[in-house]
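Under my numbering, think of the first position of the sequence shown as 1, with each following residue one higher.
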Amino acid sequence: MASQDQAFTRFLHAIADPTRRRILQVLKIRGACSIGKEVGLCACDIEERIHLSQPTISHHMRILQKAGLVEAQKEGHWRWYQRNERAIKQHAKTLRQTL
């Protein structure tokens, strides 16, 4: 039970920040990445869409990954990000039940 509480707390912390919510929205809309990949968006694509620096994007992506809301796939020196829809749905369900 404690680990579920910790995971839910990480979720709440992650979505409390408006920038991270914007990143989740960008990943949901997705569209085409800059080099035509279908595996998600790279940091540079996210950067371009929300106009923040690469280090800032990386900081927020780490928090979203720790919360389980985003998954990353490394390919060469690129890292591709996509939403973890299953985790998002589960946390949304927990939030509805809690409130």
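Glycine residues also receive a C-beta, built at the ideal position from the N, C-alpha and C atoms. Note that the structure is a prediction, hence the values are computed from the model and not measured.
Assign residue i to buried or exposed, taking buried as 16 or more other Cβ atoms, counted over all protein chains shown, within 10 Å of its Cβ.
i   : result
G76 : exposed
I46 : buried
A16 : exposed
L99 : exposed
Can you give me the Cβ contacts of residue i inside the same chain, cut-off strictly under 7 Å, excluding the 5 residues immediately before and after it?
i  : result
F8 : H91 and T94
Within the continuous alpha helix (DSSP H) that includes residue i, where are the two ends?
i   : result
A92 : E85 to T98
L27 : P18 to I29
Going by beta carbon distance, what residues of the same chain come within less than 8 Å of residue i, once the five residues before and after it are set aside?
i   : result
A43 : Q54, I57, S58, M61, R79 and Y81
Is residue i helix, strand or coil by DSSP?
i   : result
A72 : strand
L64 : helix
L41 : strand
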